[in-house]
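Reviewing the structure listed below.
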Amino acid sequence: MTAKSIIIDCDPGKDDAIALFLAMASEDELDILGITTVAGNVSLELTQKNARFLCEIAGRPDLPVFAGASSPLKLPLVTAEHVHGKSGLEGIEVVEPKMPEQTRGAQQFFIDTLSMAVEQSITLVATGPLTNIALLVSKHPELLTKIKQIIIMGGARLEGGNFSPSAEFNMVVDPHAAKIVLNCGLPLVVMGLDVTHQVRANKARREQIKNIDNKVARAASALLDYSHMQNNKRYAELGAAIHDPCTIAYLIKPSLFQGVECNISIETDSPLTLGHTAVDYWGVTDKPANALWIDLADADGFFQLLNERLERF
Numbered sequence: 002m003t004a005k006s007i008i009i010d011c012d013p014g015k016d017d018a019i020a021l022f023l024a025m026a027s028e029d030e031l032d033i034l035g036i037t038t039v040a041g042n043v044s045l046e047l048t049q050k051n052a053r054f055l056c057e058i059a060g061r062p063d064l065p066v067f068a069g070a071s072s073p074l075k076l077p078l079v080t081a082e083h084v085h086g087k088s089g090l091e092g093i094e095v096v097e098p099k100m101p102e103q104t105r106g107a108q109q110f111f112i113d114t115l116s117m118a119v120e121q122s123i124t125l126v127a128t129g130p131l132t133n134i135a136l137l138v139s140k141h142p143e144l145l146t147k148i149k150q151i152i153i154m155g156g157a158r159l160e161g162g163n164f165s166p167s168a169e170f171n172m173v174v175d176p177h178a179a180k181i182v183l184n185c186g187l188p189l190v191v192m193g194l195d196v197t198h199q200v201r202a203n204k205a206r207r208e209q210i211k212n213i214d215n216k217v218a219r220a221a222s223a224l225l226d227y228s229h230m231q232n233n234k235r236y237a238e239l240g241a242a243i244h245d246p247c248t249i250a251y252l253i254k255p256s257l258f259q260g261v262e263c264n265i266s267i268e269t270d271s272p273l274t275l276g277h278t279a280v281d282y283w284g285v286t287d288k289p290a291n292a293l294w295i296d297l298a299d300a301d302g303f304f305q306l307l308n309e310r311l312e313r314f
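Just remember that my numbering sits 1 ahead of the position in the sequence shown, which is counted from 1.
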């Protein structure tokens, strides 16, 4: 089996961290060409630092990390320190990484990598606001034929929102970027709250990870414990949802998920519903499908995969 060539665009973030660990433990399935960071859960300064720190924890200082956009396309940046802590990785001690910052920015990395790639050969995985990818789409449409698909964590249908009553965080931070990406014409797989809220780190699942004795698993366990503690009043024994790693799990084992091809639009104007994803699940409009909307997950299978990969470190 040939490993899929991927670029991970992220804003670490606790769940981004676990997504990165899962990807880095899956070399047979995934060839990580690079990691690009964007402002989202915390500032760009912290997301690029955190990404390098996480690569070092996982023993992958060879993976290049490229800093991208420090703010959304049109709106002021909104971050989520109230969820992820001041560092973005609350629950573990973050030290200054030894890995150097790449001198090229994310956009130049996209240009260089896609220019040399064959047609439809690279998958983009987006676990943060879509600013970096929207800039690529809008400024370099000639390179889009090199992209096989984009896997996106973002949006919500039945689950409403986790940042506002009607919007998921990644979409509401930069809805204008999301609109560009949703309309880009490339194959899209969108994994919103409807599916990620099915994948929860309850006590039994956290205990299984806690029993894995290596540095990466201990970091993952600490991040999940902090998420549970922070969300305990909201989700009680259900456990905190594991959002971003679903994108990586989908690439490794797509049979864990099911979805529906449909049209997804995003609200960019209304103060009340800014960032809301209008998912035409039942095909009530004549708008053509622009994405595979994932709405069902095998949560037990997901955690079995995660545990198996964490044991590899």
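Every residue, glycine too, gets a C-beta built ideally from N, C-alpha and C.
(message) Rounded to the nearest angstrom, what separates Ser44 and Leu76 at their Cα positions?
(response) 14 Å
(message) Using 8 Å for Cβ pairs, my map puts Ile36 next to Ala52. What's the rounded Cβ distance?
(response) 5 Å
(request) Put Cys11 into one of helix, strand or coil per three-state DSSP. (result) Residue state, collapsed to three classes: strand.
(message) Can you tell me where the alpha helix (DSSP H) holding Thr114 begins and where it ends?
(response) 107-117
(request) Between the Cα of Leu293 and those of Pro255, Asp301, Ala300, spot the shortest distance and give me the residue it belongs to. (result) Pro255
(request) May I have the straight-line CA-CA distance separating Val174 from Ala40, to the nearest angstrom? (result) C-alpha of Val174 to C-alpha of Ala40: approximately 9 Å in a straight line.
(message) With distance defined between alpha-carbon atoms, name the residue in Pro246, Ile93, Ser228 nearest to Ala20.
(response) Pro246
(message) So, for Asn215: in the same chain, excluding its five sequence neighbours on each side, which residues have a beta-carbon less than 7 Å away from its beta-carbon?
(response) Phe314
(message) Short of 6 Å in beta carbon distance, which residues of its chain neighbour Val1, apart from the five on each side in sequence? Order them along the chain.
(response) This structure cannot settle anything about residue 1, because the visible part of the chain is limited to 2 through 314.
(message) In whole angstroms, give me the CA-to-CA distance for His326 and Ser271.
(response) Not covered by the structure: residue 326. The range shown for the chain is 2 to 314.
(request) Give a yes or no on contact between the region 154-168 and the region 188-205, applying the rule of three or more CB pairs nearer than 8 Å. (result) Judged by pairs of C-beta atoms under 8 Å, the region 154-168 touches the region 188-205, as three or more such pairs exist.
(message) Taking a contact to mean a Cβ-Cβ separation below 7 Å, would you say Lys15 touches Leu224 in this structure?
(response) yes
(request) Could you tell me which residues DSSP puts in a beta bridge with Lys5? (result) Leu31
(request) Return helix, strand or coil for Phe258, following the three-state DSSP convention. (result) The DSSP-derived three-state label of Phe258 is strand.
(request) Please state if the CB of Ala178 and the CB of Ile267 are separated by a distance shorter than 7 Å. (result) no
(request) Mind checking which residues open and close the alpha helix (DSSP H) that includes Lys211? (result) 204-211
(message) Just to confirm, is the Cβ distance from Ala70 to Asn42 under 7 Å?
(response) Pairing Ala70 with Asn42 gives a Cβ-Cβ distance that is not under 7 Å.
(request) Check the DSSP bridge columns for Arg201 and list the partner residues they point to. (result) Ala242
(message) Per the DSSP calculation, Ser266 is bridged to which residue(s)?
(response) Ala279
(message) Is Gly60 a contact residue of the ligand PLP, with contact defined as CB to any heavy atom under 6 Å?
(response) The ligand content of the structure shown is nil, which means the ligand PLP is not present either.
(request) Report the residue from Glu28, Arg310, Leu74 whose alpha carbon sits nearest the alpha carbon of Ile181. (result) Leu74
(request) Have a look at the DSSP bridge pairing and note the partners of Val191. (result) Ile153, Trp294
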